[in-house]
Every structure is written in C-alpha cells, then in structure tokens.
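Encoded as structure tokens, the structure appears first; notes follow it.
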Amino acid sequence: MKGHSLAASSRIVAQAVEKAGVRVAAALRLPAHSRVLILKRVRLADGEPLTVQMAHLPASLVPGLEIGERSSLYEVLQNRYHLYAARAKETYVAATAGASAAKLLGIRVGAPVFKVERISFLPNDKPFEYVQSIICGDRYSIVLDRQSTRLNSSH
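Residues in the sequence shown are numbered consecutively from 987, following the working numbering.
And the structure:
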C-alpha cells in the first residue's frame, strides 16, 4: 500500500490458539490437530476496509505471541522469534463475498472479491505461515510484469 500512497492499518477481529484443521495442517506441513495461532484481522487502506485476513502460524514457533493493532506481524516475527520469510506462494481466485466477509468489509453479499491463499516459507523452505484472505475486488488490482526467458530473441 505504501507504493500507492495509502496508509495501511489493521483492526484485530480475533486472536487465539486452536487445533489446526486439515487444510491448515497440510499447508504448514504439521501433524493433524497441531496447535496453531490464528490471527484474524481486517486490513485497512486509508481507514477503509480492504481485506479480511486470517493468518495461521504453528504455535510451537511463536509461544506467547500477541499482536496489537499497531504492531506489524512480520516485525514481531523477525525481532522476537527470528523468523524471516524467504519466499511465499500465493494463489488468487475470483469469487463473491459471503455474509461474514461482506459485513467486515462493508460491502454487499455477492460483491466481487479475490480469495487468496498464501504460504510463507523460512530460508530452510519450511512453511511457517498460512494466510487466507478475502480482498475487495473493486479496490484491488494485480499487476504482473512478465519477461521472456529466451536469450535469443530472433524468433
């Protein structure tokens, strides 16, 4: 958001340690029902809701973690737990807003959204964060800058 001159902030909806569901455990390569910290937030751009985001982190990696509304999750992960994201894999799917997301985002049920899943990996390629997001489709764009991998462009 900084690149668009928008002030980023968050509103915490929920923060708890729970047993991981099948999808979360698989994404984080954890045994079934492992404990994970779940952080659900509404991400804001210039004070307007843009994204509902639910982050899942293995509880064993972040004992005692509590995030405040003004805290950066990644700064806390780096400074307190020495966890650094080396890479992430994101998947975007066009969808429509359900009732819960629509209420949190201040949009109508059925409005266009992007559903996003992201898995973040440590330098040793171990996943440490699984995030599910719902992003307002009318206020978000995806830009890809693609380059040819060919060395010889004569074809």
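Glycine included, every Cβ here is placed at the ideal spot set by N, Cα and C.
Note that this is a predicted model, so its numbers are computed, not measured.
Asked, Found
"Hey, which unbroken runs of the beta strand (DSSP E) at 3 residues or more fall wholly within the segment 1061-1136?", "1073-1082, 1098-1107 and 1113-1122"
"Pull up the distance between the alpha-carbon of V1118 and that of V1102, whole angstroms please.", "According to the sequence displayed, residue 1118 carries Gln and not Val. Each residue's Cα considered, the two are about 6 Å apart."
"Below 8 Å on the Cβ atoms is my contact criterion, and I expect A1083 with I1120 to pass it. Report the Cβ-Cβ distance as a whole number of Å.", "7 Å"
"Is the segment 1085-1095 close to the segment 1062-1077, with three or more CB pairs under 8 Å?", "no"
"Using C-beta distances below 6 Å, list every residue in its chain close to Q1133, excluding the 5 sequence neighbours before and after it, in chain order.", "none"
"For L1036, count neighbouring Cβ atoms within 10 angstroms of its own Cβ and tell me buried if that reaches 16, exposed if not.", "buried"
"Write down every uninterrupted run of the beta strand (DSSP E) in the segment 995-1033 whose length is 3 residues or greater and which is fully enclosed by it, in chain order.", "1021-1031"
"Taking DSSP as the reference, what is the three-state secondary structure of A947?", "Limits of the chain in this structure are 987 at one end and 1141 at the other, which puts residue 947 out of reach."
"Can you grab the Cα-Cα spacing for the pair Y1060 / M1040, in whole Å?", "14 Å"
"Can you tell me which of L1069, H1019, E1052 and V1129 puts its alpha carbon nearest to the alpha carbon of N1110?", "L1069"
"Quick one: residues in its chain with C-beta nearer than 6 Å to the C-beta of A1085, no 5 flanking neighbours on either side, listed in chain order?", "V1095"
"Between the C-alpha atoms of V1050 and A1006, what's the straight-line distance to the nearest angstrom?", "Checking the sequence, you will find Gly at residue 1050 rather than Val. In a straight line, the C-alpha of G1050 is about 17 Å away from that of A1006."
"Once DSSP output is grouped into helix, strand and coil, what is the label at L1059?", "helix"
"With 16 other CB atoms within 10 Å as the buried threshold, where does R1027 fall?", "buried"
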